[in-house]
Every structure is written in structure tokens, then in C-alpha cells.
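Number of protein chains: 2
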Amino acid sequence: MVTINDVATAAGVAPSTVSYVISGKRSISPKTRRLVEESIRKLGYHPHAGARALASSKTNVLALVVPLRTDLNVAVVMEFVASAVTAARAHDHDLLLLTKDEGPAALQRVASSAIADALMVMDIEAADPRVPMLIALDLPVVLIGVPDHPAGLSCVDLDFTAAGSACVAHLADLGHRSVALIGPSPAVYRRGTSYATRFLRGFDDAAKSHDIRATNRPCAHSYEAVSACLDDLLAADPDLTGLVVHNEAVLPGLLSDLRHRGLRVPEDISVVAVCPDSMAEQHPVALTTVAIPAEEVGAQAVEMTMRRLAGHTTPEVRLLGPRLTRRDSTAAPRA
Amino acid sequence: MVTINDVATAAGVAPSTVSYVISGKRSISPKTRRLVEESIRKLGYHPHAGARALASSKTNVLALVVPLRTDLNVAVVMEFVASAVTAARAHDHDLLLLTKDEGPAALQRVASSAIADALMVMDIEAADPRVPMLIALDLPVVLIGVPDHPAGLSCVDLDFTAAGSACVAHLADLGHRSVALIGPSPAVYRRGTSYATRFLRGFDDAAKSHDIRATNRPCAHSYEAVSACLDDLLAADPDLTGLVVHNEAVLPGLLSDLRHRGLRVPEDISVVAVCPDSMAEQHPVALTTVAIPAEEVGAQAVEMTMRRLAGHTTPEVRLLGPRLTRRDSTAAPRA
DNA sequence: TGCCATCGTCGATGCGCTTCGACTGACGTT
DNA sequence: AACGTCAGTCGAAGCGCATCGACGATGGCA
Chain A
8 MVTINDVATA AGVAPSTVSY VISGKRSISP KTRRLVEESI RKLGYHPHAG ARALASSKTN
68 VLALVVPLRT DLNVAVVMEF VASAVTAARA HDHDLLLLTK DEGPAALQRV ASSAIADALM
128 VMDIEAADPR VPMLIALDLP VVLIGVPDHP AGLSCVDLDF TAAGSACVAH LADLGHRSVA
188 LIGPSPAVYR RGTSYATRFL RGFDDAAKSH DIRATNRPCA HSYEAVSACL DDLLAADPDL
248 TGLVVHNEAV LPGLLSDLRH RGLRVPEDIS VVAVCPDSMA EQHPVALTTV AIPAEEVGAQ
308 AVEMTMRRLA GHTTPEVRLL GPRLTRRDST AAPRA
Chain B
8 MVTINDVATA AGVAPSTVSY VISGKRSISP KTRRLVEESI RKLGYHPHAG ARALASSKTN
68 VLALVVPLRT DLNVAVVMEF VASAVTAARA HDHDLLLLTK DEGPAALQRV ASSAIADALM
128 VMDIEAADPR VPMLIALDLP VVLIGVPDHP AGLSCVDLDF TAAGSACVAH LADLGHRSVA
188 LIGPSPAVYR RGTSYATRFL RGFDDAAKSH DIRATNRPCA HSYEAVSACL DDLLAADPDL
248 TGLVVHNEAV LPGLLSDLRH RGLRVPEDIS VVAVCPDSMA EQHPVALTTV AIPAEEVGAQ
308 AVEMTMRRLA GHTTPEVRLL GPRLTRRDST AAPRA
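The listed protein sequences derive, respectively, from chains A and B.
FYI, the working numbering numbers position 98 of the first sequence as 105, with every residue one higher than the one before it.
FYI, the working numbering numbers position 88 of the second sequence as 95, with every residue one higher than the one before it.
And the structure:
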């Protein structure tokens with residue numbers, strides 16, 4: 008193993024000088040800097056992460072807690088993770104992956120064994136049991152999602168309330184008078200996952216303010232569930248002309264089932280989906296969507312984390328405005 | 008921060024004794040053990056990861072290199088990651104996430120800065136440029152996928168050759184005489200991703216040995232691409248009755264398009280998909296599949312890694328046998 | 001009774017790094 | 001000419017832990 012001493016010897020300087028060259032915390036003459044940098048390159052030196060962590064109390068590692076359920080929204084989680092790890096690397100940090108399943112104890116462990124410098128936590132529930140402990144942790148913490156009482160924690164998320172409203176507004180503007188929301192699976196609501204209820208609130212509020220009829224139903228992602236869900240919605244209101252789908256897994260089955268029933272999209276029924284943009288074009292009818300900006304959220308989460316690590320201690324809550332992209336799945340209802 | 012000294016003081020023993028209680032590397036009297044364990048619990052002590060790494064040259068961290076392209080198979084990657092992190096935790100290790108995009112330099116960095124004890128690498132290409140460097144690395148390395156020349160590296164993967172054959176055999180056994188493979192996007196072949204070519208080989212071999220007609224086409228995952236692909240295949244052979252789909256992203260569009268053409272599944276055309284089992288039931292017709300056992304592969308990869316860390320130095324190549332589950336999308340062709 | 005082996009415990013050392021105080025010249029100031 | 005200043009460098013200390021050799025106590029055996 009190549010150590011800082013080897014580099015120092017090769018460059019003819021003291022180890023501390025090498026350290027200062029690397030960290031830039033003291034001024035170094037150009038000549039010495041060149042000498043040291045060359046030795047580093049020549050020897051292929053990389054500081055020992057453990058030693059560095061021990062001496063400086065910094066690990067350059069960010070921990071990310073992800074949910075591993077498959078009933079959830081895999082594409083979004085993956086996209087988020089991808090973006091987070093990329094952003095972290097851009098700040099010279101690595102990403103450690105933890106699972107929600109391990110519970111609060113894992114967070115304690117990570118914090119008190121100094122494995123990571125900060126924590127990012129996904130899939131936050133309205134009254135998330137982890138929140139109180141996270142507050143007590145005295146590590147920088149950034150939540151992806153917004154609990155009822157963030158109390159000093161930073162949060163970032165899509166503004167799902169606004170997203171729900173945007174979907175309804177779009178349909179209302181096209182002239183629709185009766186719309187329905189097909190939501191995430193019942194389990195998601197049961198857990199009190201915050202984005203589901205926030206979206207629903209936006210949906211309902213907008214329906215009220217636009218004075219149009221609105222119903223909603225959670226929906227599991229098997230084909231049977233989708234079919235049953237449509238049965239219910241159409242039975243409850245045969246004049247239904249607009250569908251808001253906040254459940255990506257359901258889209259293939261849903262579109263297929265609609266056609267099966269002889270309902271054409273968008274001629275007979277309009278569909279707005281909430282999903283990553285990348286999914287919009289995979290379907291026979293390119294979908295009008297409100298994008299889930301997983302990539303943007305991931306980047307922001309990392310950026311907020313870095314700010315806290317840099318000493319910015321004031322917590323912030325960032326809600327990203329929804330972006331609706333009109334494609335081929337929405338149109339004015341037929342008179 | 009609680010240190011080993013605090014625990015030692017609280018328990019009235021020497022720090023080294025505490026260390027031995029934790030590691031179990033020397034015998035400890037029951038009385039002392041109880042005393043120490045209580046102090047640990049009471050103080051909420053967790054060893055400092057950096058200090059431990061420095062003193063013992065072990066980090067208890069596994070690094071996992073994943074591809075972050077979205078043209079690839081997100082669900083499979085996610086499922087694999089999930090399983091790997093769970094398995095790693097079961098062995099008291101954490102998981103560090105790296106991206107393929109960072110290239111070989113990142114692997115060097117991880118190895119020589121002692122961030123992780125071992126490396127697991129996904130998305131291996133036939134002539135993967137990372138392989139030679141991984142061999143030189145003198146860290147335990149496990150590949151998920153099989154390059155042309157593993158040369159001393161351990162590998163684990165689904166036996167895609169056998170999987171390709173199994174799909175054809177199933178269709179041939181049902182009486183099909185002409186089948187086609189819809190493969191991953193052209194980019195995947197261009198990269199020489201090993202599973203794609205291995206699957207194709209199995210597909211072709213089985214077609215030959217069963218003496219049935221077989222063609223194949225890569226396919227991007229937009230709806231247009233799917234549609235064009237079907238045009239081609241049906242034009243080339245109007246008697247086509249069997250489809251093998253080695254490209255999950257394409258399934259929704261494909262099934263939809265088939266129905267659009269008036270081709271019923273499985274009455275007019277049979278479909279075998281290669282995908283995670285969890286996707287089989289999401290479609291209007293439950294799909295006959297050869298499962299991609301991402302979870303199993305993840306667990307095996309971790310297990311192989313732990314074996315190497317335990318001193319087992321002989322490399323192994325584990326190819327998991329394919330499992331075909333018959334559902335509703337395959338049937339005998341109509342006379 | 002005396003000796004040796006074994007068990008359980010302790011103290012000291014060092015892992016590779018960061019950081020702090022101190023030191024050395026060179027330079028400008030009065 | 002004497003002094004303060006500051007950039008640039010060094011040496012030493014210590015971060016928290018694992019590990020090794022040493023040591024006392026205990027018990028078995030002759």
C-alpha cells in the first residue's frame with residue numbers, strides 16, 4: 008500500500024506538506040505543489056479512507072436510505088438513486104445504500120459508527136417514526152418527501168399537491184366535467200406515505216375549485232385489480248371522461264383494458280399519468296404526463312446535503328413545481 | 008462520541024478486553040462478557056468504522072458497480088441491488104454504490120483507498136475493459152455476468168444460453184414450427200453485453216436442434232420500434248406463431264400492438280417473456296416466462312464474495328439454471 | 001508440595017492520516 | 001539596522017481501534 012509517507016519521501020518533503028497539498032488548507036509554493044502532485048500520480052497514491060476518517064472525522068460518504076418494496080415504484084427509486092450517486096460523486100463523495108427495512112436502529116448505527124457524514128432518507132411517511140430519531144441524530148439529514156412535522160429537517164420533493172391540481176386543471180381546461188383518480192395501491196395509503204395523500208388533496212381541491220365531479224380509488228398493480236378499478240369507476244359515473252393515473256405500474260394494464268372496453272384514448276377518455284417522462288413514450292398512445300422529476304430531486308437532495316455539510320444549518324423545504332407535458336392521451340371530451 | 012475506552016471504564020476492564028468481547032477472538036469469562044455487553048448497550052456504543060478499518064484493514068463494506076443506463080432493464084437492476092444490500096447486511100456488511108460510468112479509475116480508487124473489502128460488478132461485457140484491471144486489483148471481485156475470459160474472477164449469472172434454449176424448447180414442444188426472438192435494443196448488442204449474445208446462441212442452437220424456423224431482431228423500447236419490429240418479423244414469415252421476448256420494456260407495447268393487429272395471445276401467437284416473475288401478472292394475459300432471478304443472483308454474488316473474504320481463493324463460475332413458468336400466453340398453434 | 005499448562009486479562013504499539021504550533025527565511029517598514 | 005510580518009514548511013501529537021506479547025491466577029498432575 009502506498010502511504011502519504013511514501014509520497015513525501017518521493018517528493019522530498021514532509022508528510023504534512025503532502026497533506027496540505029491535497030487539502031489546500033495551507034498555501035504551498037508552486038514548486039513544491041508540482042513535486043508532490045507528480046509523486047502522487049507516479050505512485051498512484053490514494054489516501055486511506057479509514058485513516059482519513061479517523062483523523063478528520065469526515066468520511067466523504069453519504070448514506071441513502073431507500074425502500075425496497077416492489078409494490079412501490081421501482082423506476083422512480085432507481086432513477087433517484089442513480090442521480091444521487093452521480094451527484095454525490097460530483098462532490099467527491101460516495102454513496103452508501105441502506106434499506107428502510109432495517110429500521111431506525113440502522114440509522115443509529117450509521118450515525119454513531121461514523122460510517123457516513125450525512126443521511127438522505129426516501130419514502131417518508133406522514134408520521135414517520137424515523138423522524139424524531141433523525142432529528143436527535145446530529146448528523147445532517149435530508150428527507151426525500153415531506154412528513155407532517157419536519158421540525159428542523161430539510162426536505163425536498165415534487166410538489167405533489169400542485170401536481171394533483173395540475174392534472175385536474177389540465178382536464179378541466181379541456182372541458183372535462185367528470186374525472187377520476189387512480190391512485191397507488193391501498194398499502195401505500197395505509198402506510199400514510201406522504202406523497203399519496205398530498206396528491207389526493209391537490210386533486211380534490213382543484214376539482215372543487217373547477218367545480219367538476221371527482222372520485223378516486225387506490226389500485227393494486229395486477230391486471231385484475233386494474234380491471235375491477237375501472238369497473239367501479241365507470242359504474243359510479245358512466246359519464247367519466249378523464250382519468251388521472253398516479254400509479255405507473257398500472258399503466259400497461261389500464262390502457263389495454265380501456266381499449267378492450269372499446270374506450271379509445273383520447274377520443275373517448277383522456278388519461279393523464281404521473282410518472283417519469285421516460286415512460287411516456289413506451290405506450291401505444293404517448294401519454295400526457297406530470298413528470299416525476301426523480302433525477303432533479305436526487306440532485307437537489309445531494310446539493311442540500313452538501314450545503315449542510317458546509318455549515319449551512321438552516322433547514323429548508325424545497326417543493327419542485329410540477330411540469331405537465333401534453334402528449335397524445337388527452338383531448339377535449341366529445342360533446 | 009462513545010469510545011471503546013468509555014465502555015471499558017464503565018465495565019471496569021481494559022479497552023482490549025472490550026475489543027475481545029466484541030470480536031470473540033479470545034476467550035472471555037462469562038462475568039466479564041456480561042459486564043461489557045451491558046455497558047455497550049447502556050452507552051449505545053458502536054465502534055468507529057474508520058478506526059476499525061485503520062487498525063484491522065477491514066471495512067465491512069462491499070462495493071457494487073451498477074449500470075445507470077435507462078435503456079437497460081431497471082427493474083432487474085433494482086431487484087438485484089435490493090437483494091445484494093439485504094444479503095450484505097445479513098453478513099454484517101454495508102453496500103457502497105458505484106456507477107459503471109465512472110469507469111476503471113473508480114475501481115482503482117476504491118481499491119487503493121481501502122474504502123471497501125471487495126467488489127461486485129454488474130453488466131459485464133464479453134470483452135469488458137474492466138476485467139484485466141479487476142484481475143490486477145488483489146481485492147476479491149465477483150462479476151455478475153460472464154466475460155469471454157474471466158481468468159480467475161468469480162462469476163455468477165443466469166445461464167442465458169440455457170434460458171434461450173428453454174424458451175425455444177417450450178414452443179417447439181407445443182408444436183410451433185416458426186419462432187422469432189425480440190431482443191434487447193441494438194445498443195446492448197453493440198456493447199457486446201454478454202447476456203444478450205449468450206441468450207441468442209441458446210435460442211439459435213435450440214431452434215436448430217428442434218429443426219424449427221427461427222429469426223431474431225433487436226428492438227428499442229419505443230412503441231414505434233416495437234411496431235416496426237413486428238412488421239419486419241411478420242413480413243419475413245407470415246406463418247410465425249411463437250415470440251420470445253428478451254426485452255421487458257417492450258412488453259406493454261408489444262402486447263398492445265399484437266391485439267391491434269388482430270393477433271390474439273395465445274390463440275394466434277404465443278409469447279414467452281424473459282423477465283422478473285413479478286412482471287408476469289401485470290399484463291392482461293399472464294405471461295409464460297423464463298424468470299430473471301435477480302434476487303437469487305444478488306444473494307449468490309454476496310455469498311461468493313463472503314467466501315472469498317473468508318479465504319476461499321479458488322474462483323468459481325456459477326450459472327443458475329433457467330426456470331420456465333407456463334402461464335396463459337403460450338399454447339399450441341392452431342392447425 | 002512443586003511444576004507446568006491454560007485461561008482470562010492488561011498495556012503498549014501502531015495503523016495512515018490531519019492538524020496545530022513552531023520554525024525559517026525573505027521582505028518590507030520605521 | 002533592528003524589527004515585525006507572512007508565506008511556506010516541518011515535526012509531533014493524537015484520532016479510536018485491533019492485536020500481540022506478557023502476566024497473574026488457577027487447576028491438574030506427578
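Where a beta carbon is used, it is the ideal one built from N, C-alpha and C, also for glycine.
Cβ neighbour criterion (16 or more within 10 Å) applied to residue i
i	result
A:Asn223	buried
A:His177	buried
B:Lys215	exposed
A:Pro245	exposed
A:Ser26	buried
B:Ala18	buried
B:Ser185	buried
A:Glu302	buried
A:Pro147	buried
B:His319	exposed
B:Asp135	buried
B:Ala97	exposed
B:Asp166	buried
Any chain B beta carbon closer than 8 angstroms to residue i
i	result
A:Gly3	With chain A covering 8 to 342 only, the question about residue 3 of chain A has no answer from this structure.
A:Leu75	yes
A:His253	no
A:Asp211	no
A:Ala256	yes
A:Thr16	no
A:Gly260	yes
A:Thr66	yes
A:Ser185	no
A:Arg330	no
A:Ser277	no
A:Ser119	yes
A:Arg116	yes
Given residue i as reference, the closest of the options once Cα atoms are compared
i	options	result
A:Ile219	A:Gly182, A:Phe206, A:Cys226 and A:Thr204	A:Gly182
B:Ser336	B:Val272, B:Gly328 and B:Glu310	B:Val272
A:Cys226	A:Val138, A:Ala187 and A:Arg41	A:Ala187
B:Leu75	B:Ser64, B:Val92, B:Ser90 and B:Leu105	B:Leu105
A:Val14	A:Asp166, A:Pro259, A:Ser34 and A:Arg40	A:Arg40
A:Ala94	A:Gly190, A:Glu310 and A:Pro157	A:Glu310
B:Pro111	B:Leu261, B:Phe87 and B:Arg137	B:Arg137
A:Glu323	A:Asp180, A:Asp108, A:Cys282 and A:Ala158	A:Ala158
A:Ile131	A:Asp164, A:Leu146, A:Ala213 and A:Ala113	A:Asp164
A:Ser285	A:Ala89, A:Ala298 and A:Glu274	A:Ala298
A:Val9	A:Pro22, A:Leu50 and A:Thr24	A:Leu50
A:Val73	A:Thr16, A:Cys174 and A:Val84	A:Val84
B:Ala339	B:Leu250, B:His53, B:Glu231 and B:Thr312	B:Leu250
A:Tyr52	A:Ser90, A:Asn12, A:Ala82 and A:Ser36	A:Asn12
B:Ser64	B:Glu86, B:Ile122, B:Val43 and B:Ser34	B:Ile122
A:Gly209	A:Gly328, A:Val175 and A:Lys107	A:Val175
B:His217	B:Leu262, B:Ala317 and B:Ala173	B:Ala173
Cβ of residue i within 8 angstroms of any chain A Cβ
i	result
B:Val9	yes
B:Ser229	yes
B:His168	According to the sequence displayed, residue 168 of chain B carries Thr and not His. No, B:Thr168 lies away from the interface with chain A (no Cβ there is under 8 angstroms from its Cβ).
B:Asp264	yes
B:Ser161	no
Proximal residues, the stretch 45-64 of chain B versus chain A, C-beta separation under 7 angstroms: Gly51, His53, Pro54, His55, Ala56, Gly57, Ala58, Ala60 and Leu61
Cβ pair count under 8 angstroms reaching 3, the stretch 96-109 of chain B against the stretch 66-74 of chain B: yes
Members of the stretch 289-301 of chain B that neighbour chain A once the beta carbon cut-off is set at 9 angstroms: Flagged, chain order: Gln289, His290, Pro291, Val292 and Ala293.
Interfacial residues, the stretch 121-139 of chain A to chain B, with Cβ spacing under 8 angstroms: For the stretch 121-139 of chain A, the beta-carbon criterion of a distance under 8 angstroms to any beta-carbon of chain B is satisfied by Ala121 and Ile122.
Against chain B: residues of the stretch 75-107 of chain A by CB proximity under 8 angstroms: Leu75, Thr77, Val81, Ala82, Val84, Met85, Glu86, Val88, Ala89, Val92, Thr93, Arg96, Asp101, Leu102, Leu103, Leu104, Leu105 and Thr106
Touching by the beta-carbon criterion (3+ pairs, under 8 angstroms), the stretch 275-283 of chain B and the stretch 118-136 of chain B: Result no; under three Cβ-Cβ pairs closer than 8 angstroms.
Stretch pair the stretch 305-321 of chain B + the stretch 189-208 of chain B: three plus CB contacts closer than 8 angstroms: no
Stretch pair the stretch 141-150 of chain A + the stretch 122-130 of chain A: three plus CB contacts closer than 8 angstroms: yes
Under 7 angstroms (Cβ pairs) to chain B, residues found in the stretch 20-35 of chain A: none
Contact list for the stretch 302-316 of chain B against chain A, Cβ threshold 7 angstroms: none
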